[in-house]
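Following the UniProt record's numbering, the numbering of the sequence shown begins with 32 at its first residue and continues without gaps. No residue lacks a Cβ here, since even glycine has one placed at the ideal position from N, Cα and C.
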Amino acid sequence: AHLDRIGAVDGDVHAFLHTDSELSLAAAEEIDRRRAAGEQLHALAGVPLAVKDVIVTNDMPTTSGSRILEGWRPPYDATVMTKVRAAGLVPIGKTNMDEFAMGSSTEHSAYGPTRNPWDLERIPGGSGGGSAAAVAAFEAPLALGSDTGGSIRQPAHLTGTVGVKPTYGGVSRYGAIALASSLDQIGPCSRTVLDSALLHDVIAGHDPRDSTSLTDPWPSMAEAARRGDVKGLRIGVVSQLSGEGFQPGVLERFREAVAALESAGAEIVEVSLPSLEYAISAYYLIMPAEASSNLAKFDSVRFGLRVNPPGGGTVEDVMSATREVGFGAEAKRRIILGTYALSAGYYDAYYGSAQKVRTLVQRDFAAAFAQADVLVSPTAPTTAFRLGEKTEDPMAMYLGDIATIPANLAGIPGMSVPVGLAAEDGLPVGLQLLAPAREDAQLYRVGAVVE
Ligand code: GLN
Numbered sequence: 032a033h034l035d036r037i038g039a040v041d042g043d044v045h046a047f048l049h050t051d052s053e054l055s056l057a058a059a060e061e062i063d064r065r066r067a068a069g070e071q072l073h074a075l076a077g078v079p080l081a082v083k084d085v086i087v088t089n090d091m092p093t094t095s096g097s098r099i100l101e102g103w104r105p106p107y108d109a110t111v112m113t114k115v116r117a118a119g120l121v122p123i124g125k126t127n128m129d130e131f132a133m134g135s136s137t138e139h140s141a142y143g144p145t146r147n148p149w150d151l152e153r154i155p156g157g158s159g160g161g162s163a164a165a166v167a168a169f170e171a172p173l174a175l176g177s178d179t180g181g182s183i184r185q186p187a188h189l190t191g192t193v194g195v196k197p198t199y200g201g202v203s204r205y206g207a208i209a210l211a212s213s214l215d216q217i218g219p220c221s222r223t224v225l226d227s228a229l230l231h232d233v234i235a236g237h238d239p240r241d242s243t244s245l246t247d248p249w250p251s252m253a254e255a256a257r258r259g260d261v262k263g264l265r266i267g268v269v270s271q272l273s274g275e276g277f278q279p280g281v282l283e284r285f286r287e288a289v290a291a292l293e294s295a296g297a298e299i300v301e302v303s304l305p306s307l308e309y310a311i312s313a314y315y316l317i318m319p320a321e322a323s324s325n326l327a328k329f330d331s332v333r334f335g336l337r338v339n340p341p342g343g344g345t346v347e348d349v350m351s352a353t354r355e356v357g358f359g360a361e362a363k364r365r366i367i368l369g370t371y372a373l374s375a376g377y378y379d380a381y382y383g384s385a386q387k388v389r390t391l392v393q394r395d396f397a398a399a400f401a402q403a404d405v406l407v408s409p410t411a412p413t414t415a416f417r418l419g420e421k422t423e424d425p426m427a428m429y430l431g432d433i434a435t436i437p438a439n440l441a442g443i444p445g446m447s448v449p450v451g452l453a454a455e456d457g458l459p460v461g462l463q464l465l466a467p468a469r470e471d472a473q474l475y476r477v478g479a480v481v482e
């Protein structure tokens, strides 16, 4: 049914970069056989799963939305893929994304944009617009995404779906093509809080192949989602993220959701994150700095595309001809920015200062979590904008990340949960929930109350 649905709507939505119906049906039939043989299977066995193309898969190509990896077939599975296959989930395809997960609209994909199923003239968010659109358009009930600065949560907000960025280190990054290694985190996307919780439980846990993977045991997210209560919880409204700069219809739905939490028994307090005004600047130095280093491996020798300059040339000529053609404008912009910020003489002024701001943001969160168990804000300042509206103005695009990037800088978990439609344009609005590191279960507990 999901493959049929993809056939019917994906020509318009373009959530998928790759599907392989034979492969998916074979995997689904295998689950049917095992179930018929009386085997006790996982609750999600047989459920189709869309996979962001930043995650490597040993049976499907992986491009990370880039021309430079066109046609590349990874020789291995990411740890999350090993885990979802073991649980019996059925991967049904790879989803579109901004090139190397750089962007907020999916317009930076080398393979053309994904469109928002709510309004095909609008963007579905990014970088994981493909995963969110696939779920919103009923092409898949579940998806995997990656969140470096909001790429799971912001598309969820813009498409009326649930998206979760787990605690940094909570889900293995082995086999996730790195954008910014100290910020990246894989997480679930779905139409309900419980669905994300079930997938989260499958992918979480220690992985010796990821040196930043936490060794802590995790409580059941599904149990927290089923419990769904806020009794005795203090919910902190972030003052910097609940007023100026936010679309009125977004704020209206946000305030309603806060009121609903209060009537469900939560105590509402106001908290301040004073360093937030520097967070975007810090993020857009740290992220490109790490990206410039991570993308250096795409050198035309080890992976994907190779472009030979006319008349031959040195190995460096081949690398530069390949990178010229293989990377899009946004990837180049960030490689240049990151390389500059890390260069000798500028390190302290840029990268060093950004790291100090990162520490301040972490301290702000520590102080806020002394006053509140869970923090709330709108997930992003506006509803979905029109295709092309911000492509010429990278700064305008970056500013939309104000509510999501602090969680990545601090390593804490975050969720976006749909809370209705904005009155002025009828487009979805998401409530963002943030919890202290390792308290991911609290997000599911609270999220289940407001969805
Ligand atoms: N908008 C953010 C950026 O462009 C999103 C990155 C992400 O989470 N992958 O960097």
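ask   = For the segment 390 to 404 against the segment 233 to 253, are there 3 or more C-beta pairs whose distance is under 8 Å?
value = Because the criterion of three Cβ pairs below 8 Å is not met, the segment 390 to 404 and the segment 233 to 253 do not touch.
key: Distance cut-off 7 Å: G276 Cβ against heavy atoms of ligand 1   = no
ask   = Cβ atoms of T126 and G161: under 8 Å apart, would you say?
value = A contact, by the Cβ cut-off of 8 Å.
message = DSSP has S294 in a bridge; who is on the other side?
response = Bridge partners of S294 according to DSSP: none are assigned.
request  = Return the bridge partner residues of K421 from the DSSP annotation.
outcome  = In the DSSP output, where bridge partners are listed per residue, K421 has none listed.
key: Contact set for V289: own chain, Cβ-Cβ below 8 Å, skip 5 residues either direction   = I266, V268, I299 and V407
request  = Quick one: measure Cβ to Cβ for I86 and M112, integer angstroms, because I've assumed they're closer than 8 Å.
outcome  = Sure, about 6 Å apart at Cβ, within 8 Å.
Of the residues P467, D63 and A187, the one placed nearest R394, counting alpha carbons only = P467
inquiry  = In this structure, how does DSSP classify K83 when only helix, strand and coil are distinguished?
reply    = strand
request  = For N339, count neighbouring C-beta atoms within 10 Å of its own C-beta (all shown protein chains included) and say buried if the count is 16 or more, exposed if not.
outcome  = exposed
ask   = So, is V166 buried or exposed, given that buried needs 16 or more other C-beta atoms within 10 angstroms?
value = buried
query = Going straight from the alpha carbon of L282 to that of A415, what length do you get?
reply = 15 Å
query = When DSSP labels each residue in this structure, what does V392 get in the three-state scheme?
reply = helix
query = Roughly how many whole angstroms lie between the Cα atoms of A479 and L462?
reply = 12 Å
request  = Within its chain, find whatever has a CB closer than 6 Å to the CB of Y107; leave out the 5 residues flanking it on each side and keep chain order.
outcome  = N89
message = Tell me which residue opens and which closes the alpha helix (DSSP H) that H33 is part of.
response = Going by DSSP, H33 is part of the alpha helix (DSSP H) stretching over H33 to V44.
Per DSSP, the bridge partner or partners of F47 = T126
inquiry  = Do L229 and A81 have their beta-carbon atoms positioned less than 8 Å apart in this structure?
reply    = Not a contact, by the Cβ cut-off of 8 Å.
Contact check, M133 vs L189, beta carbons under 8 Å = no
query = Just to check, is the beta-carbon of T179 closer than 7 Å to a non-hydrogen atom of ligand 1?
reply = Yes, since a heavy atom of ligand 1 falls inside the 7 Å radius drawn around the Cβ of T179.
With 16 other Cβ atoms within 10 Å as the buried cut-off, status of M350 = buried
query = Quick one: what's got a C-beta closer than 8 Å to I366's C-beta in the same chain, skipping five residues either side?
reply = P319, A322, S323, L326 and F358
query = Which first and last residues belong to the alpha helix (DSSP H) in which R354 is found?
reply = V346 to G357
task = Would you give the residue range spanned by the beta strand (DSSP E) that G376 belongs to?
result = That residue, G376, is in no beta strand (DSSP E); it is neither H nor E in DSSP.
query = Cβ of V224 within 8 Å of Cβ of A256?
reply = Yes, the Cβ-Cβ distance between V224 and A256 is below 8 Å.
inquiry  = Just to confirm my understanding: we take P186, look at its own chain, exclude 5 residues before and 5 after, and list those with CB closer than 6 Å. What are they?
reply    = P155, G156, G159, G160 and A163
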